[in-house]
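In the working numbering, the protein residues as written are 5 to 441. No residue lacks a Cβ here, since even glycine has one placed at the ideal position from N, Cα and C. Here the structure is laid out as structure tokens; the discussion comes afterwards.
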Ligand code: GLV
Ligand code: MN
Ligand code: MN
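What follows is the structure in structure tokens.
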């Protein structure tokens with residue numbers, strides 16, 4: 005299959021597309037109801053029936069690209085899937101071939117995810133394009149549903165946006181998922197050619213800016229009773245895979261002093277990570293995955309593999325915390341006679357949002373009648389990867405209790421309408437830096 009064709013999806017697996025709901029917005033065609041209905045439909049494209057899990061290059065990813073691609077076409081966008089699996093819809097400006105304002109977010113999810121993280125930004129951008137109708141703008145618009153932001157499958161994040169930014173390292177293709185399937189083979193199974201991933205990269209002169217609309221995933225806007233906010237900067241992040249190799253043995257016969265228990269060593273490593281991050285202001289460290297082998301009640305664990313995720317607004321702090329944790333794990337292994345190896349699978353420095361874009365987002369918020377609140381992002385976003393390609397900015401929407409990466413993730417319908425109005429307002433007023441192109 006060529007990289008511009010959509011993977012075939014049996015029609016029976018697609019949820020029916022709800023008819024457009026009547027608009028309740030002063031912008032004639034904007035419909036919060038349609039945004040929310042589409043998000044519900046998208047949430048049904050999941051690995052498991054009773055929750056949302058959609059990982060990179062899965063069957064659900066192909067179905068999501070097909071479904072969202074249909075909505076893009078309905079909004080008048082020309083649709084393609086790029087060489088790494090991103091879904092891209094393009095609306096030309098006053099004349100074909102103008103540089104674009106890039107909008108969007110990601111279509112993948114964490115395991116047992118909320119339904120707004122990523123999806124809200126893509127669906128709302130499509131809604132805004134639909135609302136623009138035939139209005140001619142002096143720039144093109146591209147809406148992108150990024151293929152991988154969460155990095156759940158291969159432990160390296162933002163694979164879609166990195167490819168667009170031209171910073172996708174081909175060595176990443178060797179990363180394997182939990183079943184041992186390499187990214188190279190997964191791309192082939194999806195109908196893409198791993199040798200062509202570099203074709204997803206965009207030229208700087210094709211893009212005016214990238215603006216991502218996303219739920220806040222934190223409690224600040226709700227606490228201040230504000231529907232939207234403008235992001236100042238996004239914290240940097242680093243990930244590791246830590247492998248501990250001890251010796252499996254009989255749980256009844258090997259005395260405690262003679263054991264090389266990989267899981268007991270891993271438990272100490274988890275606590276060392278917690279302590280290292282505690283010691284540095286604003287730094288956070290998380291072990292979110294642990295696998296143990298052979299995995300039987302009466303067998304001493306011989307092997308354990310941990311994930312480690314370290315973040316901070318300050319890159320030097322993040323690097324220091326990560327080094328402290330890896331050194332601590334090595335020392336724990338040496339003391340327990342357990343071999344420890346730590347492999348960095350991902351790193352992204354913190355990223356500042358462009359003041360000129362922040363200002364234009366702020367104007368759109370003011371025009372909608374809200375106080376402008378600026379705030380940093382503790383979560384990672386595709387905008388971080390795109391900062392090498394173009395200036396970036398983010399609009400945050402309030403979410404319930406700041407809960408995210410959890411099925412209880414929720415937003416108010418009224419907020420969905422507000423966010424869409426602000427984004428549309430921003431698009432209609434958008435002035436590229438340095439005037440028209
Ligand atoms: C993505 O949501 C991340 O911050 O890991
Ligand atoms: Mn997320
Ligand atoms: Mn997200």
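Measure how close the beta-carbons of residue i and residue j come, nearest whole angstrom, since I'm counting them as under 8 angstroms.
{"i": "residue 73", "j": "residue 91", "result": "6 angstroms"}
{"i": "residue 402", "j": "residue 111", "result": "Between residue 111 and residue 402 the Cβ distance is about 22 angstroms, and since that is not below 8 angstroms, they are no contact."}
{"i": "residue 142", "j": "residue 98", "result": "6 angstroms"}
{"i": "residue 164", "j": "residue 153", "result": "7 angstroms"}
{"i": "residue 219", "j": "residue 387", "result": "14 angstroms between Cβ atoms; not a contact."}
So, for residue i: in the same chain, excluding its five sequence neighbours on each side, which residues have a beta-carbon less than 8 angstroms away from its beta-carbon?
{"i": "residue 194", "result": "11, 61, 65, 66 and 89"}
{"i": "residue 370", "result": "376"}
{"i": "residue 268", "result": "305 and 340"}
{"i": "residue 389", "result": "162, 165, 166, 168, 169, 171 and 352"}
Does DSSP put residue i in a helix, in a strand, or in coil?
{"i": "residue 238", "result": "strand"}
{"i": "residue 379", "result": "strand"}
{"i": "residue 92", "result": "strand"}
{"i": "residue 397", "result": "strand"}
{"i": "residue 251", "result": "strand"}
{"i": "residue 72", "result": "helix"}
{"i": "residue 293", "result": "coil"}
{"i": "residue 268", "result": "helix"}
{"i": "residue 128", "result": "helix"}
{"i": "residue 64", "result": "helix"}
{"i": "residue 313", "result": "strand"}
{"i": "residue 41", "result": "helix"}
Beta-carbon within less than 6 angstroms of residue i's beta-carbon, same chain only, minus the 5 sequence neighbours each way: which residues are those?
{"i": "residue 341", "result": "264"}
{"i": "residue 307", "result": "249, 266 and 297"}
{"i": "residue 350", "result": "160, 161 and 243"}
{"i": "residue 384", "result": "241"}
{"i": "residue 96", "result": "144"}
{"i": "residue 404", "result": "414"}
{"i": "residue 77", "result": "83"}
{"i": "residue 190", "result": "61"}
{"i": "residue 379", "result": "224 and 233"}
{"i": "residue 360", "result": "437"}
{"i": "residue 309", "result": "247 and 295"}
Which word fits residue i, buried or exposed, when buried means at least 16 other C-beta atoms lie within 10 angstroms of its C-beta?
{"i": "residue 299", "result": "exposed"}
{"i": "residue 438", "result": "exposed"}
{"i": "residue 260", "result": "exposed"}
{"i": "residue 86", "result": "buried"}
{"i": "residue 139", "result": "exposed"}
{"i": "residue 365", "result": "buried"}
{"i": "residue 166", "result": "buried"}
{"i": "residue 131", "result": "buried"}
{"i": "residue 429", "result": "buried"}
{"i": "residue 134", "result": "buried"}
{"i": "residue 282", "result": "exposed"}
{"i": "residue 394", "result": "buried"}
{"i": "residue 254", "result": "exposed"}
Identify, in the order they occur along the chain, each residue of the same chain with its Cβ nearer than 7 angstroms to the Cβ of residue i, setting aside the five sequence neighbours on each side.
{"i": "residue 240", "result": "315, 316, 319, 322, 352, 353 and 354"}
{"i": "residue 230", "result": "374, 375, 377 and 402"}
{"i": "residue 276", "result": "329, 332, 333 and 336"}
{"i": "residue 278", "result": "289"}
{"i": "residue 391", "result": "355"}
{"i": "residue 346", "result": "244, 246, 330 and 333"}
{"i": "residue 128", "result": "39, 217, 423, 424 and 427"}
Whose beta carbon lies closer than 5 angstroms to any heavy atom of ligand 1, going through the chain in order?
383 and 384
What residues does ligand 3 have around it, judged by CB closer than 5 angstroms to any heavy atom, in chain order?
Cβ-based neighbours of ligand 3 within the cut-off: 121 and 122.
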